[in-house]
Structure formats: structure tokens, C-alpha cells
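Following my numbering, the numbering of the sequence shown begins with 10 at its first residue and continues without gaps.
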Amino acid sequence: MNEEKRGRISKIRKNSFIITFEGRELPAKPKGSFYDAAPDAWPVVGDTVSFVENPAGDSVILSVCERKTLLARPDQAKTGVMQYMVANADYCFIVTALNEDYSFNRIARYASVALSGGSMPVVILTKSDLCNNVGRYVREAESVSDGVRVFAVSAKYGIGLDELKQYFVPGTTIALMGSSGAGKSTLINAIAGEEVMQTGEIRSDDGKGRHTTTHRQMIRLPNDVWIIDTPGMREIGMADADEGIDRTFSDILALESQCRFRNCRHETEPGCAVKAAIASGKLSKERFELYKNLGKENADHRARKKEISKSVKAYKKSKSRTEE
Ligand SMILES: Nc1nc2c(ncn2[C@@H]2O[C@H](COP(=O)(O)OP(=O)(O)OP(=O)(O)O)[C@@H](O)[C@H]2O)c(=O)[nH]1
Ligand SMILES: [Mg+2]
10 MNEEKRGRIS KIRKNSFIIT FEGRELPAKP KGSFYDAAPD AWPVVGDTVS FVENPAGDSV
70 ILSVCERKTL LARPDQAKTG VMQYMVANAD YCFIVTALNE DYSFNRIARY ASVALSGGSM
130 PVVILTKSDL CNNVGRYVRE AESVSDGVRV FAVSAKYGIG LDELKQYFVP GTTIALMGSS
190 GAGKSTLINA IAGEEVMQTG EIRSDDGKGR HTTTHRQMIR LPNDVWIIDT PGMREIGMAD
250 ADEGIDRTFS DILALESQCR FRNCRHETEP GCAVKAAIAS GKLSKERFEL YKNLGKENAD
310 HRARKKEISK SVKAYKKSKS RTEE
């Protein structure tokens, strides 16, 4: 009866967790010791957990099994705290619509976050039926990084979906991320062949979505592929993303290693391989600026986190003195 079982977290609402286990959905709560654990130790959607089933109420989550990947972003209030989004996603589908939603900058951000967390980024340009210049956008999105593949699809008309089949290998987990209204849930319905997710109209004035999906949710398709739908994100900041930024912009890193001076800032130094690449058209100035900006944002977050933890320590010290 009290045997330990293993299932996957498919949904979280406030502090109420749902475990998917042998086709059933079990409500569950983490055991008490989680309250003393680090924030990233808490279960997130996609996690495999060990638990004890309680047929009469909440099952008890005992531990989170080792994660293959973990996607995180800084919280929007910029308090230095990380928000852990999904675990064990082999692929992160970066969903961007081919309308006002399309943004080269945002694709690079998502790619950096995916690579930092260990997931393979795949760019999905949706609503190809609304765009008469699809090839241009595909090529531009491909230039974000050597590390990303790009597909243009129309979930509405079923165009381009066959090419995604290569990712639907049994046991694979795919998380979809992007802005509200980009078409994540519609794409999942098209992949699933039935309406498994709720979808919503975008606003007619600015093309933005209405945040139809409000919680992360994982479903298992009959072909044993796990799909995670996520709520649209307004922004995706850079934090703890050094590795992902380096991998997204690995060509720039390679150029930097060829500069004459090791500490070259790529400004006025002679023998600068980055500037030479920009001058010859091998590297676009915009992409280099983006690389610098994301790196700076990432470094600023680290500095802020340090500052916050210093003030928390100082506060705790002064508090313990007054209590003595
Ligand atoms: N023309 C066209 N419209 C699409 C396509 N895919 C999605 N849409 C429409 O875009 C709107 C938003 O789609 P959703 O799937 O709800 O978007 P979402 O990314 O899940 O949005 P949130 O849940 O708010 O994050 C809906 O009206 C869809 O019908 C497409 O391929 N072509
Ligand atoms: Mg949705």
C-alpha cells in the first residue's frame, strides 16, 4: 500500500500538484522537508518524482528524481530570484508567429535560456498562412545561431507539421514557449489531432494574445511523446545564462579567440577579429550588439543577486544582534 512509486508532475496550481501515473492524474503535496529546501529543489512540471499514493486524498511527493534539463528565467520583478519553469524537456520549441510577434531578439533570448538549461532549441514560426515572405524569416531566424533549426508551419491549415515528426520519438519531452497568442496551444492541438488545449483569439488592435493558457501543463500523446504547454511570456530576461549565450553565439566566441589581444573589447584595438568580421559582412553588427546586450543583462543580474544576498545577510546579522 505504502510502496514508493514514480510518476511525472503534469500540472501545478499554487501548492497543489498533479502527478501523472499510469494514465491517472493524482493530486499530491510535497512532503514537509521541501519547505526547507532550495527553490530549485521543488518539483516543477515535467519532473519525475517518487511518491506514496493516497487513494483517499493527496499523495505525498517524497523526492524529485535527477533532472536531465531545467529551464529557468529571472522573475519579472527583478528581485534576483529565479523562476524554474519546466524540467526534463529534451526540446524547447520556441514558438513565434509570423506577424507582429516575430522578433529576432526574442528568439535569441529563448535559445540562450534553452541551451543554458540543457534543452535543444527548435524555432517554430507559426501562422505561415499570414505571411507572404516566409523564406526570409526562416533564413533570418536560422542566423540567430548555428545551434537552432527553424521550421515554418501553419497549424490552421496543417502546413509544415510533417517535418516536426522527427522530434516525436517515444519518450521525448517537448516544451513549447513563446508570447501569448503565438499559437502554442493551437499547434499542440494540431499535433495531437484533437482539441486537448484551450485556445483564444488574439486582440485585433495589436495582435497580442489574451493569456488563454494560464498554467504549465504536460500531456502524454498516444505515441508516448510528452508535450508541455506554457502560458505566454511577456518577457524573457537573461540570468544564469552564460552557457546558453556562449553556445547561441559560439561563432562570435570563436572570433574573439582570434583577436590579437586577449582582453580585446572590440572597440578600437588593432587586430580585432570581431571588427574585421563585421567589416567584411561575415558577422552582422546587430547580432554582435545583441550578444553584448544579453551578456550585459546576464552580468547585471549576477551583480544584483550578489547585492541582494549581501543586504539580506547584513539584515539577518543586525536582527540577530538586536535579539541578543
Ligand atoms: N492564421 C492562423 N492563426 C493561427 C494559427 N495558429 C494559431 N492561430 C490563432 O492564433 C490565436 C492564438 O492561438 P493560441 O494557440 O491560443 O495561442 P497561445 O500561444 O497558446 O497563447 P497563450 O495561451 O495566451 O499563451 C488563435 O485565434 C488561433 O486560432 C495559424 O497557424 N494560422
Ligand atoms: Mg495557449
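Note that beta-carbon positions come from the ideal geometry of N, C-alpha and C, so glycine has one too. Since the structure is predicted, the reported quantities are computational estimates derived from the model, not experimental observations.
Which value, in whole angstroms, describes the spacing of the CA atoms of Asp-5 and Ser-320? Residue 5 lies beyond the range of the chain shown here (10 to 333); nothing can be said about it.
Just to check my reading of the structure: Phe-102 and Val-131 have Cβ atoms closer than 8 angstroms, yes? What is that Cβ distance to the nearest angstrom? Position 93 of the sequence shown, counting from 1, holds the residue named residue 102. Position 122 of the sequence shown, counting from 1, holds the residue named residue 131. 5 angstroms between Cβ atoms; contact.
If contacts are defined as beta-carbon pairs under 8 angstroms, then Gly-156 and Ser-163 qualify, I think. What distance do you get, rounded to the angstrom? Translated into the one-based positions of the sequence shown, residue 156 becomes position 147. Translated into the one-based positions of the sequence shown, residue 163 becomes position 154. Rounded, the Cβ-Cβ distance is 25 angstroms, inconsistent with contact.
When DSSP labels each residue in this structure, what does Ala-41 get in the three-state scheme? Numbered from 1 along the sequence shown, position 32 holds the residue referred to as residue 41. One point to set straight first is that residue 41 is Gly, not Ala, in the sequence displayed. Three-state result, Gly-41: helix.
Among Asn-63, Ile-18, Glu-34, nearest to Gly-55 - alpha-carbon criterion: Counting from one through the sequence shown, the residue named residue 55 turns up at place 46. Per the Cα distances, Ile-18.
Could you have a look at Ser-320 and say whether DSSP puts it in helix, strand or coil? Position 311 of the sequence shown, counting from 1, holds the residue named residue 320. Here Ser-320 sits in helix by DSSP.
For Asp-233, which residues in the same chain have their Cβ closer than 7 angstroms to its Cβ, ignoring the five residues on either side in sequence? Here residue 233 corresponds to residue number 224 of the sequence shown, with the count starting at 1. Exclusion of the five residues before and after Asp-233 leaves Pro-179, Gly-180 as the residues of its chain whose Cβ lies within less than 7 angstroms of its Cβ.
From Lys-315 to Lys-305, what does the alpha carbon distance come to, in whole angstroms? Here residue 315 refers to the residue found at position 306 when the sequence shown is read from its first residue. Here residue 305 refers to the residue found at position 296 when the sequence shown is read from its first residue. Looking at the two C-alpha atoms, the distance is approximately 15 angstroms.
Local conformation of Ala-389 per DSSP, three classes: Within the shown structure, residues of the chain are numbered from 10 to 333, placing residue 389 beyond reach of any answer.
Name the two residues that bound the continuous beta strand (DSSP E) containing Gly-16. Here residue 16 corresponds to residue number 7 of the sequence shown, with the count starting at 1. Looking at the DSSP string, the run of the beta strand (DSSP E) that includes Gly-16 is 13-22.
Length at least 3, wholly inside the segment 22-85: the beta strand (DSSP E) runs in chain order: The segment 22-85 contains, as complete beta strand (DSSP E) runs of 3+ residues, the segments 25-30, 33-39, 57-61, 68-73, 79-83 (chain order).
Identify the continuous beta strand (DSSP E) that holds Gln-158 and give its terminal residues. For the purposes of this step, residue 158 is taken as the residue at position 149 of the sequence shown. According to the sequence as given, residue 158 is Arg; it is not Gln. Looking at the DSSP string, the run of the beta strand (DSSP E) that includes Arg-158 is 158-161.
Output yes or no for whether 8 angstroms exceeds the beta carbon distance between Gly-190 and Lys-217. If you number the sequence shown from 1, residue 190 lands on position 181. If you number the sequence shown from 1, residue 217 lands on position 208. Yes, these two residues count as a Cβ contact at 8 angstroms.
Alpha-carbon to alpha-carbon, Ala-123 and Leu-107: Position 98 of the sequence shown, counted from the first residue, corresponds to residue 107. Position 114 of the sequence shown, counted from the first residue, corresponds to residue 123. Using only the alpha carbons, I get a separation of about 21 angstroms.
For a minimum of 3 consecutive residues, which ranges assigned as the beta strand (DSSP E) are wholly contained in the segment 189-240? Whole beta strand (DSSP E) segments, 3+ residues: 226-229, 235-238.
Proximity test, Met-242 beta-carbon vs ligand 2 heavy atom, cut-off 7 angstroms: Counting from one through the sequence shown, the residue named residue 242 turns up at place 233. Answer for Met-242: no, Cβ out of range of ligand 2.
Under 8 angstroms, do Thr-7 and Val-159 count as touching if we go by C-beta distance? Lying outside 10 to 333, the shown extent of the chain, residue 7 is not represented and no answer is given.
Closest to Gly-32 by CA distance: which of Gly-16, Ile-21, Lys-20 is it? Taking the first residue of the sequence shown as position 1, residue 32 is located at position 23. The option with the nearest alpha carbon to Gly-32 is Gly-16.
Taking the straight line between their C-alpha atoms, what separation do you get for Val-147 and Lys-301? Within the sequence shown, the letter at position 138 stands for residue 147. Within the sequence shown, the letter at position 292 stands for residue 301. In a straight line, the C-alpha of Val-147 is about 24 angstroms away from that of Lys-301.
Proximity below 8 angstroms, CB of Met-242 to CB of His-310: By one-based count along the sequence shown, residue 242 stands at place 233. By one-based count along the sequence shown, residue 310 stands at place 301. His-310 is positioned such that its CB atom lies no closer than 8 angstroms to that of Met-242.
Measuring only from the beta carbon, is Thr-208 closer than 7 angstroms to any heavy atom that is part of ligand 2? The residue given as residue 208 occupies position 199 in the sequence shown. Under cutoff, so the answer is yes.
Expressed to the nearest angstrom, what Euclidean distance is found between the alpha-carbon atoms of Pro-39 and Tyr-93? Residue numbering aside, residue 39 sits at position 30 when the sequence shown is read from its first letter. Residue numbering aside, residue 93 sits at position 84 when the sequence shown is read from its first letter. Taking C-alpha positions only, Pro-39 is separated from Tyr-93 by approximately 16 angstroms.
Assuming Phe-177 is part of the beta strand (DSSP E), what are its boundary residues? By 1-based counting over the sequence shown, the position of residue 177 is 168. Secondary structure note for Phe-177: it is in no beta strand (DSSP E), with a DSSP letter that is neither H nor E.
Could you pull the start and end residues of the beta strand (DSSP E) that Lys-135 belongs to? Within the sequence shown, residue 135 is the residue found at index 126, counting from 1. The sequence as given places Thr at residue 135; Lys does not occur at that position. Segment 129-135, the beta strand (DSSP E) holding Thr-135.
Cα-Cα separation between Gly-89 and Pro-83, rounded to whole angstroms: One-based indexing of the sequence shown puts residue 89 at position 80. One-based indexing of the sequence shown puts residue 83 at position 74. Computed Cα separation, rounded: 7 angstroms.
CB contact flag (Asp-138, Ser-194, <8 angstroms): Taking the first residue of the sequence shown as position 1, residue 138 is located at position 129. Taking the first residue of the sequence shown as position 1, residue 194 is located at position 185. Contact check for Asp-138 against Ser-194 fails: the beta carbons are separated by 8 angstroms or more.
Rounded to a whole number of angstroms, what is the C-alpha to C-alpha distance between Ala-199 and Asp-171? If you number the sequence shown from 1, residue 199 lands on position 190. If you number the sequence shown from 1, residue 171 lands on position 162. So the alpha carbons of these two residues sit roughly 11 angstroms apart.
Using the three-state DSSP reduction, which class does Phe-113 fall into: helix, strand or coil? In the sequence shown, the residue the question calls residue 113 occupies position 104. Three-state DSSP puts Phe-113 in a helix.
Cα-Cα separation between Phe-43 and Ala-50, rounded to whole angstroms: Start at 1 with the first residue of the sequence shown, and residue 43 comes out as number 34. Start at 1 with the first residue of the sequence shown, and residue 50 comes out as number 41. Looking at the two C-alpha atoms, the distance is approximately 7 angstroms.
Could you check how far apart the C-beta atoms of Ile-28 and Ser-68 are, in whole angstroms? I think they sit under 8 angstroms. As a first step, residue 28 must be located in the sequence shown, where it is residue number 19. As a first step, residue 68 must be located in the sequence shown, where it is residue number 59. With 8 angstroms as the limit, Ile-28 and Ser-68 qualify as a contact, their Cβ atoms being about 6 angstroms apart.
DSSP three-state label for Ile-245, please. Walking along the sequence shown from the start, residue 245 turns up at place 236. Ile-245: coil per DSSP, three-state reduction.
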